[in-house]
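Read the structure below first, then the notes.
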């Protein structure tokens, strides 16, 4: 799981794996969310910003499918 110093940003990406065997970058097509926006925010492009120390789950959702990771924000 990624960690990020307070005040910095990290770019998340999302990949879609399809039944024909292809994998595509779908970062711009998914909906991004943070479980704890006081710790980390994430914009529509998947760019997360560290707001306070702690942890937040960053989730990418496309229809009924989602994936997530835990982002840990550390002191500078």
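Numbering (the numbering used here), first residue to last: 48 to 123. Where a beta carbon is used, it is the ideal one built from N, C-alpha and C, also for glycine. Here the structure is a predicted model, which means the values were calculated and not measured.
Neighbourhood of residue i by C-beta, 6 Å cutoff - its chain only, sequence neighbours within 5 removed
i: residue 70; result: 62, 64
i: residue 102; result: 117, 119
Burial state of residue i, where buried means 16 or more other Cβ atoms lie within 10 Å
i: residue 123; result: exposed
i: residue 87; result: buried
i: residue 75; result: exposed
8 Å CB neighbourhood of residue i in its chain, flanking five on each side removed
i: residue 116; result: 48, 49, 59, 104, 105
Endpoints, the beta strand (DSSP E) within which residue i is located
i: residue 118; result: 112-121
i: residue 101; result: 101-109
i: residue 52; result: 50-52
Own chain partners of residue i with C-beta closer than 7 Å, once the 5 adjacent residues on each side are dropped
i: residue 100; result: 53, 120, 121, 122
Q: Pick out the complete beta strand (DSSP E) segments inside the region 58-99, 3 residues or longer, and give them in chain order.
A: 62-64, 70-72, 78-81, 87-89, 94-97
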